[in-house]
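Each number in the working numbering comes from the position in the sequence shown (counting from 1) with 12 added on.
Encoded as structure tokens, the structure appears first; notes follow it.
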Amino acid sequence: MGIKIYPVSERFDPEKPVSEKMIATDNLVVVHFYLKKGQKIPLHASKSDVFVTVLKGKGKFYYGSEDSFEALETGESLYYQPEEPHGFEADDDMIVQAVISPNPQKKITL
């Protein structure tokens, strides 16, 4: 197969968050989320491990409930265990990369 470069675009939508599946295999999926300031990915849970990294911007990363969160900024990462409710909200325009393993085989509704 060889290697493939996956550039980070800036696919922001002023109306709603945007998700872009970068790669998907049986073992994992990598998704980029583009959120304008104030946009949110609501709390949800996955049967998979989820590792998120802020590629640009800053925001609140919820775990368990919206009362519990960590503030992350560019270059910082956070791990969510399977079945742990999680979501995030942009304090600035934000790009988040999520590595999800194993591939949950279903799309997150934004």
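A virtual CB, placed ideally from N, CA and C, is assigned to each residue, including glycine.
Bear in mind the structure is a predicted one, so any value in this text is a computation, not a measurement.
What residue does the beta strand (DSSP E) around residue i start on, and which one ends it?
i, result
"Ile15", "Looking at the DSSP string, Ile15 is not in any beta strand (DSSP E), and its letter there is neither H nor E."
"Thr2", "Residue 2 is absent from the model: the chain starts at 13 and stops at 122."
"Gln109", "106–113"
"Gly76", "Taken as a continuous stretch (DSSP letters only), Gly76 belongs to no beta strand (DSSP E), as it is neither H nor E."
For residue i, does the three-state DSSP call read helix, strand or coil?
i, result
"Lys49", "coil"
"Val20", "coil"
"Leu55", "strand"
"Glu88", "coil"
"Lys33", "strand"
Considering only their Cβ atoms, is the gap separating residue j from residue i smaller than 8 angstroms?
i, j, result
"Ile107", "Lys68", "yes"
"Val62", "Ile112", "yes"
"Glu85", "Val66", "yes"
"Gly99", "Leu40", "no"
"Pro116", "Lys70", "no"
Excluding five sequence neighbours on each side, which residues of the same chain lie with their C-beta closer than 7 angstroms to the C-beta of residue i?
i, result
"Lys48", "Phe24, Pro26, Ala102, Asp105"
"Pro29", "Phe45, Tyr46, Leu47, Gln51, Ile53, Leu122"
"Gly74", "The residue asked about is misnamed: residue 74 is Tyr in this sequence, not Gly. Closer than 7 angstroms at the Cβ level, and outside the excluded window around Tyr74, lie Leu55, Ser80, Phe81, His98, Gly99, Phe100."
Near residue i, which residues of its chain fall below 6 angstroms by C-beta distance, leaving aside the five closest residues on each side in sequence?
i, result
"Ala57", "Glu95, Pro97"
"Lys33", "Val43"
"Tyr91", "Phe63"
"Tyr18", "Met34"
Quick test of your reading: residue i and residue j, contact by CB under 8 angstroms. State the CB separation rounded to the nearest angstrom.
i, j, result
"Ala110", "Val64", "5 angstroms"
Between which residues of its own chain and residue i is the CB-CB distance below 8 angstroms, once the five residues before and five after are set aside?
i, result
"Gln128", "Residue 128 is absent from the structure shown; the chain starts at 13 and stops at 122."
"Ser77", "Leu55, Pro97"
"Asp38", "Pro114, Asn115"
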